[in-house]
Amino acid sequence: MTPLRGWVRQARRDIGLSTVAGVGLLLYLVFLVAPVLLSLVTSFTNQNILFPNSSFVGLANYRMMLHDSQLHASIEFTLALAVTVTIVANVAGLLFAILLNRTSLSYRVLRTLAFLPQVISGIIVGFVWSWILSPTGLVNHILTGTGLVSQPVNWLGTPQLAMLSAGIVVSWVLSGFTTVVYLAALQTIPRELYDASSIDGANSRQQFRLITLRMVAPATTISVVISLITVLKLYDILIALTGGGPAYSTRSIAMYIISVGFSDDAYGYASAIAMALLALTAILALSVTTVLRRREVDL
Amino acid sequence: MITQRRGTSLSGPGPAVPPRPVRKAPRALRRPARLALALLVILAFVSPIYLTVVNAFKTSAAITSSPASLPTHPTLRNLSAALSQPGHVLQLGLRNSLIVVVCSVALLIPLGSAFSFWISRKRTRTRAVIMAVFAAGLMIPPQITVLPIIKILGHIGLDHTYPGLILSNIGGGYLSFAVFVYVGFMRSIPAEVIEAARIDGAGSLRIWWKIIMPLVRPATATVGIFLSLWIWNDFLNPLLIIGPTTGQTVTVGLYDSVSSQVQPDYGLQFGFMFLAALIPVVGYLLAQKQFRAGLTAGSSR
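Respectively, the protein sequence lines represent chains A and B.
First residue of the first sequence? That's 419 in my numbering, and the numbers climb one at a time after it.
First residue of the second sequence? That's 18 in my numbering, and the numbers climb one at a time after it.
What follows is the structure, given as structure tokens:
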């Protein structure tokens, strides 16, 4: 058989699969790769839905970002939220996972429950918590009922408290996810490691540091990076919880992009901010991955 | 520590592990305490979900006066109020969300898995390049793609339509996720399985459907469960791609309905939220076995 005939036969055999795979690739190119490239091109224009003509303006949109104090506020808030929530949710998730890492039925039920915050939509999460934290909600009911405060605390009414509340709510949602990731990782640790180390006289703190933390290191990398990315593009929980307020104190970058692009119709500028968000996400995700991967080896 | 271990192993036959009567007693005592702690922590953790359920069956006055109690005089008024919203936002939303989830996932699973099988048999360099492009898709925020997607859909006449939303779901970051899960699983399938089928004269499409798909069933469960949840709960894409005029998915309908209330009607809100969350929560509880199997299988990779 000549090589060409072999290749033709091979191609004929593969044609069905190649077609299906090709459809997938084509859709991905049209609905993900092309939009990113279009966004990049648009970010160099003054495109605005109110004006039919648009022209290239070079780096003007990017220069505008340097002097946009509203953007700076939303970047600061988003970064602070991302860092805090990532730490809180991963510590809580690991502790929950250790607590729940038992096989009896009651623990299995609790494990099922722990993921529930991830099952309901961010809009519902935001609305339920906005009631819990409202002046007539559960938290103030408890605080005033026990006499801890005389006047209801307006948790979502002042910038500082609203930012704190956002941190608590987003950590709550993500902890459901991190718990499941760490539980899956804990289940891969062989029981013998703990048995052997307790024969060696290791106490539970040493076991935690030398076995548990090391063995869940790869899961930590995944969990931390996904937590970061999730918070960096966060939109739905915040729009339902605070709407970005008060005084735009809890407006994420993602919310700012939508408000610039859709309320102000400034597509060009919105695209430039979107590209900056993409760059920020990529840099943070890659550098955190690199650091944590190195730590996986060192541990 | 090391000497102690040597001591036990050198002692020859007999119990290698010295009995630890001192430690066993507190361990046994600790068991109920641990369960109590776990119960307390997790029940506190999921209390917002408990609140959503109980308050859906209370009057607005009862929600404010006794927010955490079980409904003493359960009422169905909130649920019927949610179901009789102007334009039947809730029923239409549930129907639209179901259509979007079922169509998107039913297409994402075969496309994602066939693509993964195809790419896992390519030469390493082609594979590395394409996989890098797909990895990037996992972290691209929808805010970046949604504006151009609406324009692209406009060019093919599908803007503000459900087929348009479904198409953009299939081609977007969800496909990245499906490909990543499937490629991870397919790596563990021995090449001999595929070779044997090939010698029998089976085409690639047939091998994929008849041999590969049954082998990667845990991956299909993971992909199906996660994508269904994410697409059902998605807010931004339906909000902007469908737009305000055509009738919305349930998440957007809930947001519109609650955010348009001048004075918050908490009874109605909880009734709406309870009914909107029912399908994903019940679905998740029913799919427990697959959910756990998929996670443990995925983590060992």
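Beta carbons: idealized from backbone N, C-alpha and C, even for Gly.
Checklist entry - In terms of residues, what are the limits of the alpha helix (DSSP H) holding B:Asp273? => result Position 256 of the second sequence holds residue 273 of chain B. For B:Asp273, the uninterrupted alpha helix (DSSP H) segment begins and ends at Val267 to Ser276.
Item to check | Pick from A:Arg427, A:Leu601 and A:Phe545 that is closest to A:Gly511, judged by C-alpha positions | outcome: If you number the first sequence from 1, residue 511 of chain A lands on position 93. Closest option to A:Gly511, Cα to Cα, is A:Leu601.
Checklist entry - How should A:Gly686 be labelled, buried or exposed, when 16 other C-beta atoms within 10 angstroms of its C-beta is the threshold for buried? => result Position 268 of the first sequence holds residue 686 of chain A. In the assembly as shown, A:Gly686 is a buried residue. Its beta-carbon has 16 or more other beta-carbons within 10 Å.
Checklist entry - For A:Thr530, which residues in chain B fall below 9 Å Cβ to Cβ? => result On the first sequence, position 112 is the one that residue 530 of chain A refers to. Chain B residues near A:Thr530: Tyr301, Leu302, Gln305, Phe308 and Arg309.
Item to check | Inter-residue CB distance, B:Arg96 and B:Ala73 (contact presumed, cutoff 8 Å) | outcome: Your numbering for residue 96 of chain B matches position 79 in the second sequence. Your numbering for residue 73 of chain B matches position 56 in the second sequence. Here the sequence assigns Leu to residue 96 of chain B, which means Arg is not the residue at that position. Between B:Leu96 and B:Ala73 the beta-carbon gap is near 7 Å, inside 8 Å, which marks them as a contact.
Checklist entry - Name the chain B residues that come within less than 8 Å of A:Ala452, Cβ to Cβ? => result Start at 1 with the first residue of the first sequence, and residue 452 of chain A comes out as number 34. Result: Pro165 and Ile169.
Checklist entry - Can you list, in chain order, the residues of its chain whose CB lies under 6 Å from that of A:Phe595, leaving out five sequence neighbours each side? => result Translated into positions along the first sequence, residue 595 of chain A becomes position 177. Closer than 6 Å at Cβ, skipping near neighbours: Gln536.
Next on the checklist: Rounded to the nearest angstrom, what separates B:Val275 and A:Ile541 at their Cα positions?
Outcome noted: Stepping through the second sequence from its first residue, residue 275 of chain B is reached at position 258. Stepping through the first sequence from its first residue, residue 541 of chain A is reached at position 123. Looking at the backbone, the Cα of B:Val275 and that of A:Ile541 are separated by about 10 Å.
Item to check | CB contact below 9 Å: B:Ala85 versus chain D | outcome: The question asks about chain D, but that chain is absent: this structure's protein chains are A and B.
Next on the checklist: Check for me: the alpha helix (DSSP H) holding A:Thr463 runs from which residue to which?
Outcome noted: One-based indexing of the first sequence puts residue 463 of chain A at position 45. Per DSSP, A:Thr463 belongs to no alpha helix (DSSP H) and is neither H nor E.
Next on the checklist: I'd like to check one pair, A:Leu517 with B:Arg60: are the Cβ atoms closer than 9 Å?
Outcome noted: In the second sequence, the residue the question calls residue 60 of chain B occupies position 43. In the first sequence, the residue the question calls residue 517 of chain A occupies position 99. Sequence inspection shows Leu at residue 60 of chain B; the Arg mentioned does not correspond to that position. It is not a contact, given that the beta carbons lie outside the stated cut-off.
Next on the checklist: Can you list, in chain order, the residues of its chain with a C-beta nearer than 7 Å to that of B:Pro159? Leave out the 5 residues immediately preceding and following it.
Outcome noted: Numbered from 1 along the second sequence, position 142 holds the residue referred to as residue 159 of chain B. These residues qualify, in order along the chain: Leu253 and Asn254.
Checklist entry - Under a three-way DSSP split, which group does B:Phe74 fall into? => result Start at 1 with the first residue of the second sequence, and residue 74 of chain B comes out as number 57. B:Phe74: coil per DSSP, three-state reduction.
Item to check | Contacting residues, own chain, Cβ-Cβ under 8 Å from B:Ile248 (five flanking each side not counted) | outcome: Reading the second sequence from its first residue, position 231 is the one you call residue 248 of chain B. Closer than 8 Å at Cβ, skipping near neighbours: Val117, Val118, Ser121, Val122, Asn186 and Tyr191.
Checklist entry - Could you give the distance in angstroms between the alpha-carbon of B:Gln265 and the alpha-carbon of B:His105? => result Locating residue 265 of chain B in the second sequence gives position 248, counting from the first residue. Locating residue 105 of chain B in the second sequence gives position 88, counting from the first residue. Their Cα atoms are separated by approximately 11 Å.
Item to check | Contained alpha helix (DSSP H) runs [length at least 4] in the stretch 573-654 of chain A, N- to C-terminal order | outcome: Complete alpha helix (DSSP H) runs here, min 4: 577-604, 609-617, 622-625 and 635-650.
Checklist entry - For the putative contact between B:Thr69 and A:Val557, defined by C-beta atoms under 8 Å, what is the C-beta separation to the nearest angstrom? => result The residue you call residue 69 of chain B lines up with position 52 of the second sequence. The residue you call residue 557 of chain A lines up with position 139 of the first sequence. Actually they are not in contact, since the Cβ atoms of B:Thr69 and A:Val557 sit about 15 Å apart, beyond 8 Å.
Checklist entry - What residues from chain A crowd round B:Phe252, counting only those whose CB sits closer than 8 Å? => result Stepping through the second sequence from its first residue, residue 252 of chain B is reached at position 235. Contact of B:Phe252 with chain A by beta-carbon distance below 8 Å involves Ser539, Gly540, Ile541, Tyr653, Asp654 and Ile657.
Checklist entry - In the structure shown, what three-state DSSP assignment does B:Phe252 receive? => result On the second sequence, residue 252 of chain B is found 235 positions in, with the first residue counted as 1. DSSP places B:Phe252 in coil when its eight states are reduced to three.
Checklist entry - How would you call A:Phe462, buried or exposed, if buried means at least 16 neighbouring beta carbons within 10 angstroms? => result The residue labelled residue 462 of chain A in the question sits at position 44 within the first sequence. Taking every protein chain shown into account, the CB of A:Phe462 has 16 or more other CB atoms within 10 angstroms, so this residue is buried.
Next on the checklist: Does the contact criterion of 3 or more C-beta pairs under 8 Å hold for the stretch 123-131 of chain B versus the stretch 188-202 of chain B?
Outcome noted: The stretch 123-131 of chain B vs the stretch 188-202 of chain B: in contact.
Checklist entry - Should the stretch 448-459 of chain A be called in touch with the stretch 662-671 of chain A, which here means at least 3 C-beta pairs below 8 Å? => result Contact fails: fewer than three Cβ-Cβ distances are below 8 Å.
Checklist entry - What is the rounded straight-line gap between the Cα of A:His559 and the Cα of A:Pro553? => result The residue you call residue 559 of chain A lines up with position 141 of the first sequence. The residue you call residue 553 of chain A lines up with position 135 of the first sequence. Distance between the alpha carbons of A:His559 and A:Pro553 is about 8 Å.
Next on the checklist: At 4 residues or longer, what runs of the alpha helix (DSSP H) sit wholly inside the stretch 162-187 of chain B?
Outcome noted: List check, alpha helix (DSSP H) in window: nothing returned.
Next on the checklist: Counting beta carbon pairs with one atom in the stretch 667-678 of chain A and one in the stretch 491-508 of chain A, are three or more of them shorter than 8 Å?
Outcome noted: At 8 Å Cβ cutoff, the stretches touch.
Item to check | CB contact flag (B:Met148, B:Ile136, <9 Å) | outcome: For the purposes of this step, residue 148 of chain B is taken as the residue at position 131 of the second sequence. For the purposes of this step, residue 136 of chain B is taken as the residue at position 119 of the second sequence. Yes; because the gap between Cβ atoms is below 9 Å, this pair is in contact.
Next on the checklist: Just to confirm my understanding: we take A:Thr648, look at its own chain, exclude 5 residues before and 5 after, and list those with CB closer than 7 Å. What are they?
Outcome noted: Indexing the first sequence from 1 puts residue 648 of chain A at position 230. Once the five neighbours on either side are set aside, the close Cβ partners of A:Thr648 are Leu592.
Checklist entry - Over what stretch of residues does the alpha helix (DSSP H) that includes A:Phe545 continue unbroken? => result One-based indexing of the first sequence puts residue 545 of chain A at position 127. That run of the alpha helix (DSSP H) goes Gly540 to Ile550.
Checklist entry - Are any of the Cβ atoms in chain B nearer than 9 Å to that of A:Met693? => result By one-based count along the first sequence, residue 693 of chain A stands at place 275. Taking Cβ atoms only, chain B reaches closer than 9 Å to A:Met693, which makes this a yes.
Item to check | Nearest-angstrom Cβ-Cβ length linking A:Ser641 and A:Val506, presumed shorter than 8 Å | outcome: Sequence index remark: in the first sequence, residue 641 of chain A carries index 223 (1-based). Sequence index remark: in the first sequence, residue 506 of chain A carries index 88 (1-based). In this structure A:Ser641 does not touch A:Val506 by the C-beta definition: roughly 13 Å separates them, more than the 8 Å allowed.
Checklist entry - Starting from B:Tyr283 and walking both ways along the alpha helix (DSSP H), at which residues does that stretch end? => result If you number the second sequence from 1, residue 283 of chain B lands on position 266. Tyr283 to Leu303 is the span of the alpha helix (DSSP H), which, as asked, contains B:Tyr283.
Checklist entry - Under a CB-based cut-off of 9 Å, is A:Arg520 close to chain B? => result The count along the first sequence starts at 1 and reaches residue 520 of chain A at position 102. Chain B, which has a Cβ nearer than 9 Å to the Cβ of A:Arg520, makes this yes.
Checklist entry - Is A:Phe533 helix, strand or coil when you go by DSSP? => result Looking up residue 533 of chain A in the first sequence gives position 115. Under the three-state reduction of DSSP, A:Phe533 is assigned to coil, being neither helix nor strand.
Checklist entry - Would B:Val298 count as contacting chain A if we go by Cβ distances under 9 Å? => result As a working note, residue 298 of chain B is residue 281 in the second sequence. Answer yes: the Cβ-Cβ gap between B:Val298 and chain A drops below 9 Å somewhere.
Item to check | Segment contact flag, the stretch 214-232 of chain B with the stretch 290-305 of chain B, C-beta cutoff 8 Å, min 3 pairs | outcome: Counting C-beta pairs with one atom in each stretch, the stretch 214-232 of chain B and the stretch 290-305 of chain B have fewer than three that are closer than 8 Å, which means they do not touch.
Checklist entry - According to DSSP, what are the bridge partners of A:Phe474? => result Translated into positions along the first sequence, residue 474 of chain A becomes position 56. A:Phe474 pairs with A:Thr463.
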